[in-house]
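Novice: Please find one structure pasted underneath; my questions will follow.
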Amino acid sequence: VNITAVVGACLEGLVAGNGPDREGVAAADGTWAPGGDSDADPAVLVNELDFPSDHYAIRAQLRQRGVDPDEKLRVVPSRDGRTIDPRDVEAALAAHDDVGIVWMPTALYRSGQLFDVERIAAAAHEAGAYAGFDAAHSAGAVPHEFDEAGVDFAVWCTYKYLNAGPGSIGALYVAERHHGLTPALAGWWGHEKETQFEMNMTYTPADSAGAWQIGTPPLLAAAPLEGSVELLREAGIGRLREKSLALTDFLIALVDDRLPEVSVGTPREHDARGGHVALEHPDAERLSEALKDRGVVVDFRPPNVVRVCPAAPYTSFADVLEVVDEVEAILESGAHEAYATNEGGVT
Numbered sequence: 001v002n003i004t005a006v007v008g009a010c011l012e013g014l015v016a017g018n019g020p021d022r023e024g025v026a027a028a029d030g031t032w033a034p035g036g037d038s039d040a041d042p043a044v045l046v047n048e049l050d051f052p053s054d055h056y057a058i059r060a061q062l063r064q065r066g067v068d069p070d071e072k073l074r075v076v077p078s079r080d081g082r083t084i085d086p087r088d089v090e091a092a093l094a095a096h097d098d099v100g101i102v103w104m105p106t107a108l109y110r111s112g113q114l115f116d117v118e119r120i121a122a123a124a125h126e127a128g129a130y131a132g133f134d135a136a137h138s139a140g141a142v143p144h145e146f147d148e149a150g151v152d153f154a155v156w157c158t159y160k161y162l163n164a165g166p167g168s169i170g171a172l173y174v175a176e177r178h179h180g181l182t183p184a185l186a187g188w189w190g191h192e193k194e195t196q197f198e199m200n201m202t203y204t205p206a207d208s209a210g211a212w213q214i215g216t217p218p219l220l221a222a223a224p225l226e227g228s229v230e231l232l233r234e235a236g237i238g239r240l241r242e243k244s245l246a247l248t249d250f251l252i253a254l255v256d257d258r259l260p261e262v263s264v265g266t267p268r269e270h271d272a273r274g275g276h277v278a279l280e281h282p283d284a285e286r287l288s289e290a291l292k293d294r295g296v297v298v299d300f301r302p303p304n305v306v307r308v309c310p311a312a313p314y315t316s317f318a319d320v321l322e323v324v325d326e327v328e329a330i331l332e333s334g335a336h337e338a339y340a341t342n343e344g345g346v347t
C-alpha cells in the first residue's frame, strides 16, 4: 500500500504496523535524546486539548524512563477551550529549555482545528527539540508534506479518512535524517531487510523507517487499504481537500442561517480547519442520539460537541443539507429530550 502522496513522504520514511498509540511509543521510546549538552531528562510538550490517549502513552514513557510525568510533561493551555494558539506553543518552548520532544496533533480531535505543522516543527527545531505529530484526524483529508515541513516523526490511524475500517492498522513516518538509528523497541521485523531471514543474534536496524517496525504486521487488518487508498489516489488528495472545504463551508453557512441554538466550534479559516465541524449545543449528547436514530451518523464528544464529518469521497451537498434539516426538526420538536444522557460517555 503506497500512501506517500497522502502525507508527502518518501516511501522509505513510511511503515505500517500496529495502532497509532503503539507506533507513537515505538517512535518516542528512548530513541531521541534532547539536543545540546544538557544531561537533564528531556521534557515533552503537549497541549491540553490533545486526544487523551496521546497523554497516556507519553506519561507511560516518561515513567518508564524514571521521570515524573508531572514534572516533565509540559502542557500548552487553550485560550478558549476549542483551539490552541501556535504562539502559545512557541511561548512554552521559550519558557522551558528542557523540552526534547514537541508532540502535537495535526488537527484537534474535538474542534477540528488544523495546526500549522511547518510552523510548529520550525519552533521545535529552533528550541533544540524534535517535532512529532499525531495525524489521525487529518491524514487522508488534508494534504500533508511531512518531508518538506521538517517533521521528525508522525503517527496516524487508517480507519478514519483513509477508510480502512475499524481495527485497521496504524502508520508511522520517520524523517530520512533519522534513518539508521537504533530504536529502543527492537524486533525482528525492524531488522535490516537484506539480512532479516539470516536470523542473526545481533540486531542490525533497517536503514529506513522500517527499523521502527517490531513484529509482523497484521496483514488482514492492512488489506482494506489496498482498495481505499487506491480510490483516494485516483481522486487526488488536493481535489478531496477542495471538496471537503466546500462541504464544511456549506455546513457552517447553513448552521449560521438556520440553527440559532447551535454554535460552530471549528475555525472558519480554511488553513485552520480540518475535515470535520464541531457543532456545539447544551444537549449535544441527546441530539447526537436522536440524529443516529434518524440515520445520520455523527458522534458526541463531551461536554457539548456533535462532530459532523462530511467525508469528501462519498458525501454530497444534499447529504449536508439533510443533516441540517434533521437537526432543525429535532430541536424544533424537542425530540432529543426523550433520550437519556450517559455521563462520561461518547457516541
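Here our numbering is used: position 191 in the sequence shown is 191, and no number is missing along the way. For glycine and all other residues, C-beta sits at the position ideal for the given N, C-alpha and C. Source: prediction; values computed, not measured.
Less than 8 Å between the beta carbons of Ala379 and Trp156, yes or no?
Specialist: Since the first and last residues shown for the chain are 1 and 347, residue 379 lies out of range.
Novice: Just to check my reading of the structure: Ser111 and Ala253 have Cβ atoms closer than 8 Å, yes? What is that Cβ distance to the nearest angstrom?
Specialist: Not confirmed; about 18 Å, so no contact.
Novice: Using CA coordinates, which residue listed in Arg241, Leu219, Ala121 is at the minimum distance from Tyr314?
Specialist: The candidate whose alpha carbon is nearest that of Tyr314 is Arg241.
Novice: Please return the same chain residues whose Cβ sits closer than 6 Å to the Cβ of Ser38, not counting the five positions on each side in sequence.
Specialist: Note that Ser38 scores 46 on pLDDT, short of 50, meaning its location in the model is unreliable and no value can be drawn from it.
Novice: CA-CA distance, Pro183 and Lys292?
Specialist: Cα to Cα, Pro183 sits roughly 44 Å from Lys292.
Novice: Any idea if His411 is buried or exposed, counting beta-carbon neighbours within 10 angstroms, 16 or more meaning buried?
Specialist: This structure does not reach residue 411, given that the chain is present from 1 up to 347, and the question cannot be answered.
Novice: Is Gly36 buried or exposed, if buried means 16 or more other CB atoms sit within 10 Å of its CB?
Specialist: Unreliable positioning characterises Gly36 in this predicted model, as indicated by a pLDDT of 48, which lies under 50. A coordinate reading is not provided.
Novice: For a test of the three-state rule: what should DSSP assign to Asp37, helix, strand or coil?
Specialist: With a pLDDT of 45 at Asp37, under the threshold of 50, the predicted position of this residue should be treated as unreliable, though the coordinate-derived value follows. In the structure shown, Asp37 sits in coil (DSSP, three-state: anything other than H, G, I, E or B).
Novice: Could you pull the start and end residues of the alpha helix (DSSP H) that Ala149 belongs to?
Specialist: Ala149 -> alpha helix (DSSP H) spans 146-149.
Novice: Where do the ends of the alpha helix (DSSP H) carrying Glu289 lie?
Specialist: First-last of the alpha helix (DSSP H) with Glu289: 284-293.
Novice: Quick one: grab the DSSP three-state call for Tyr203.
Specialist: Coil at Tyr203, not helix or strand.
Novice: Use the C-beta contact count for Tyr161: other C-beta atoms within 10 angstroms, 16 or more gives buried, fewer gives exposed.
Specialist: Tyr161 should be labelled buried.
Novice: To the nearest angstrom, report how far apart Asp152 and Thr248 are at their CA atoms.
Specialist: Taking the straight line from one Cα to the other gives about 30 Å.
Novice: Using C-beta distances below 7 Å, list every residue in its chain close to Val67, excluding the 5 sequence neighbours before and after it, in chain order.
Specialist: Taken in chain order, the residues that qualify are Asp41.
Novice: Helix, strand or coil: which one does DSSP assign to His96?
Specialist: Three-state DSSP puts His96 in coil, outside helix and strand.
Novice: Given this structure, state the Cα-to-Cα distance separating Arg82 from Asp50, to the nearest angstrom.
Specialist: Approximately 11 Å, taken between the alpha carbons.
Novice: From Glu234, Ala246, Leu331, pick the residue whose C-alpha is nearest to that of Val262; which is it?
Specialist: For Val262, the nearest C-alpha among the options comes from Leu331.
Novice: Is the beta carbon of Val102 sitting closer than 8 Å to the one on Ala122?
Specialist: Not in contact: Val102 and Ala122 (Cβ atoms no closer than 8 Å).
Novice: Which residues does DSSP pair with Gly132 in a beta bridge?
Specialist: Bridge partners of Gly132: Trp103, Phe153.
Novice: Three-state secondary structure (DSSP) at Leu11?
Specialist: DSSP places Leu11 in helix when its eight states are reduced to three.
Novice: Counting only runs of 4+ residues fully inside the segment 222-304, write out the alpha helix (DSSP H) ranges in chain order.
Specialist: Listed in chain order, the complete alpha helix (DSSP H) runs (minimum 4 residues) inside the segment 222-304 are 224-235, 237-258, 284-293.
Novice: Rounded to whole angstroms, what's the CA-CA distance from Gln113 to Glu194? Just pull it up for me.
Specialist: Whole-angstrom Cα-Cα distance: 42 Å.
Novice: Just list the residues that DSSP pairs Gln113 with in beta bridges.
Specialist: Note: Gln113 sits in a beta bridge opposite Arg273.
Novice: DSSP state of Gly17, grouped into three classes?
Specialist: Three-state result, Gly17: coil.
Novice: Since Lys72 and Val44 are thought to touch, with beta carbons under 8 Å apart, how far apart are those beta carbons, to the nearest angstrom?
Specialist: Confirmed, Cβ separation roughly 7 Å.
Novice: What residues in its chain sit with their C-beta under 7 Å from that of Pro120, if we drop five residues either side in the sequence?
Specialist: It should be pointed out that residue 120 corresponds to Ile in this sequence rather than to Pro. Taken in chain order, the residues that qualify are Pro86, Val89, Val102, Met104, Ala131.
Novice: Can you find the residues in the same chain that come closer than 6 Å, C-beta to C-beta, to Glu12, ignoring five residues on each side of it along the sequence?
Specialist: Here the set comprises Ser208.
Novice: Ile214 and Gly180: beta carbons closer than 8 Å?
Specialist: In this structure, Gly180 does not lie closer than 8 Å to Ile214 by Cβ.
Novice: Reducing DSSP to helix, strand and coil, say where His137 ends up.
Specialist: It is coil, neither helix nor strand.
Novice: Rounded to a whole number of angstroms, what is the C-alpha to C-alpha distance between Arg239 and Ser228?
Specialist: Those two C-alpha atoms are separated by around 16 Å.
Novice: Check whether the Cβ atoms of Tyr339 and Ala290 sit closer than 8 Å, and answer yes or no.
Specialist: Their beta carbons are under 8 Å apart, which means Tyr339 touches Ala290 by this criterion.
Novice: Give me the DSSP bridge partner(s) of Gly210.
Specialist: Paired residues: none, contrary to the question.
Novice: Would you mind stating whether Ala136 and His144 have Cβ atoms separated by less than 8 Å?
Specialist: No, these two residues do not count as a Cβ contact at 8 Å.
Novice: Distance, Cα to Cα, Ala329 vs Ala139?
Specialist: Ala329 and Ala139: Cα-Cα distance of roughly 33 Å.
Novice: Give the straight-line distance between the Cα atoms of Asp54 and Glu326, rounded to the nearest whole angstrom.
Specialist: Going by the C-alpha atoms only, they are around 34 Å apart.
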